[in-house]
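**Student:** Let me begin by handing over the structure; questions about it come next.
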Ligand SMILES: Cc1cc2nc3c(=O)[nH]c(=O)nc-3n(C[C@H](O)[C@H](O)[C@H](O)COP(=O)(O)OP(=O)(O)OC[C@H]3O[C@@H](n4cnc5c(N)ncnc54)[C@H](O)[C@@H]3O)c2cc1C
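Residue numbers (the working numbering): -5 to 285.
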């Protein structure tokens, strides 16, 4: 009874990672949409292009409203948190003296339609080892609407900081057809139900944000008042989102996070240049009056 009903094809050795008492699945779009609605926040859609400062203090965000043709508006603010996934490295251009090296790992994923709409596939996630026949290491996630999401499809591309700063793959991020084909074949091997009655619903790609040490940037942007960054959560940005959101809210409101020790995620850890002159901050560390 442990094996999900859709896992009825050729599989190798199967081990149980957990029984579901302490695990859960999150569907990111549904999760973020509902959280935003529940928060009561006003969401302004647009593309941020810079920040306004009065000296070292942030006073507003310059942005192009979605759907406008290159008009730039200013959203006044006391605090800004740069949280733009892999594209957050653009903040280097907005905040003098900062460096946020980032790599975007662009990977294909697919969604299969439910072959039998009268029943929902058993909601067990499956993590496969490397399948040398297809160069995949599938992760399979059945969703409550009956569809099945698959990633771990292989053939990822690695997008460097300079391209991300130009907005690479931000608006359009397409799947690789040959990886869609490989993943479909690999999945159909292990699921007879899907091989016989399944249909591909969606092929897509998305990007993991990876700083060089695989640790996120979370904290105050050095040298500025009211400037923060929360980005680069690699392959854990969905699971960690609620904890990171709480920690960042504490940091902004209380001046420090009481729920997470943010020191390992210091946004200044790769900074090379120093902003300002003597007695200012160097790489985020106060260097005192002597420097
Ligand atoms: C195939 C795949 C599978 C994954 N599986 C998991 C998993 O199982 N569990 C897990 O925890 N994580 C997983 N991840 C990682 C997770 O998706 C990321 O860590 C997470 O999405 C990062 O969230 P984010 O909000 O920082 O960035 P994003 O989700 O990338 O969101 C950034 C947003 O900012 C927008 N933006 C960029 N620039 C600007 C600008 N100038 N102005 C306005 N908006 C801007 C972008 O359009 C985008 O909407 C997976 C990633 C991939 C690619």
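Ideal placement from N, C-alpha and C gives every residue a C-beta, glycine not left out.
With hydrogens ignored, establish whether the beta-carbon of residue 77 is closer than 7 Å to any heavy atom of ligand 2.
**Tutor:** What this structure holds is ligand 1, not ligand 2.
**Student:** Counting only C-beta atoms, is residue 0 closer than 8 Å to chain B at any point?
**Tutor:** Absent from the structure: chain B. Only one protein chain is present.
**Student:** In terms of alpha-carbon separation, which member of 167, 16, 158 and 56 lies closest to residue 199?
**Tutor:** Of the listed residues, the one whose Cα sits closest to residue 199 is 167.
**Student:** Whose C-beta lies closer than 6 Å to the C-beta of residue 21 among residues of the same chain, with five residues either side of it excluded?
**Tutor:** 137
**Student:** For residue 259, count the other beta carbons within 10 Å of its own beta carbon; 16 or more makes it buried, fewer makes it exposed. Which is it?
**Tutor:** buried
**Student:** From the DSSP secondary-structure annotation, give me the bridge partner or partners of residue 286.
**Tutor:** Outside the shown range of the chain, which is -5 to 285, sits residue 286, and nothing can be said about it.
**Student:** Would DSSP call residue 104 helix, strand or coil?
**Tutor:** strand
**Student:** Within 7 Å: the Cβ of residue 228 and any heavy atom of ligand 1?
**Tutor:** yes
**Student:** Could you tell me the alpha carbon to alpha carbon distance between residue 274 and residue 29, rounded to whole angstroms?
**Tutor:** Its pLDDT being 41, under 50, residue 274 is placed unreliably in this model, and the value from its coordinates should be taken loosely. Between residue 274 and residue 29, the C-alpha separation is close to 39 Å.
**Student:** Buried or exposed: which applies to residue 97, given that a residue is buried once 16 or more other Cβ atoms fall within 10 Å of its Cβ?
**Tutor:** Buried, by the Cβ-count rule.
**Student:** Rounding to the nearest angstrom, what Cα-Cα distance links residue 281 and residue 217 in this structure?
**Tutor:** Residue placement at residue 281 is poorly supported in this model, since its pLDDT is 35, which falls under 50; the coordinates are not used for a value here.
**Student:** Could you name the residues of the same chain whose beta carbon sits closer than 6 Å to that of residue 117, not counting the 5 residues immediately before and after it, in chain order?
**Tutor:** 136
**Student:** Mark residue 192 as exposed unless 16 or more other C-beta atoms lie within 10 angstroms of its C-beta, in which case mark it buried.
**Tutor:** buried
**Student:** Any heavy atom of ligand 1 inside 7 Å of the beta-carbon of residue 232?
**Tutor:** Relative to ligand 1, the beta carbon of residue 232 is positioned inside 7 Å of a heavy atom.
**Student:** Assuming residue 184 is part of the alpha helix (DSSP H), what are its boundary residues?
**Tutor:** 171 to 184
**Student:** How long is the line joining the alpha carbons of residue 175 and residue 197, rounded to whole angstroms?
**Tutor:** Looking at the two C-alpha atoms, the distance is approximately 10 Å.
**Student:** Of the residues 211, 155 and 71, which one's Cα is nearest the Cα of residue 48?
**Tutor:** Selected option, being the one with the closest Cα: 71.
**Student:** Could you say which of 127, 222, 220 and 224 lies nearest to residue 183 if we only look at CA atoms?
**Tutor:** 127
**Student:** Would the C-beta of residue 81 count as close to ligand 1, meaning under 7 Å from any of its heavy atoms?
**Tutor:** yes
**Student:** If you follow the alpha helix (DSSP H) that residue 27 is part of, which residue opens it and which one closes it?
**Tutor:** Per DSSP, residue 27 belongs to the alpha helix (DSSP H) from 22 to 33.
**Student:** Output the boundary residues of the alpha helix (DSSP H) element that contains residue 242.
**Tutor:** Counted as a single uninterrupted DSSP element, the alpha helix (DSSP H) harbouring residue 242 occupies residues 235 to 248.
**Student:** Less than 8 Å between the CB atoms is what I'm expecting for residue 203 and residue 226, so what's the real figure, rounded?
**Tutor:** 5 Å
**Student:** Near residue 6, which residues of its chain fall below 7 Å by C-beta distance, leaving aside the five closest residues on each side in sequence?
**Tutor:** none
**Student:** Thinking residue 147 and residue 101 are a contact (beta carbons under 8 Å), I'd like their distance in whole angstroms, please.
**Tutor:** Beta-carbon to beta-carbon, residue 147 and residue 101 are separated by about 7 Å, close enough to satisfy the 8 Å threshold.
**Student:** Mind reading off the beta-carbon distance from residue 60 to residue 45? Whole number of angstroms is fine, and I expect it under 8 Å.
**Tutor:** The pair is not a contact, with the Cβ atoms about 19 Å apart (cut-off 8 Å).
**Student:** Is residue 103 near ligand 1, judged by its Cβ being under 7 Å from some heavy atom?
**Tutor:** yes
**Student:** Please classify residue 39: is it buried, with 16 or more other beta-carbons within 10 angstroms of its beta-carbon, or exposed?
**Tutor:** exposed
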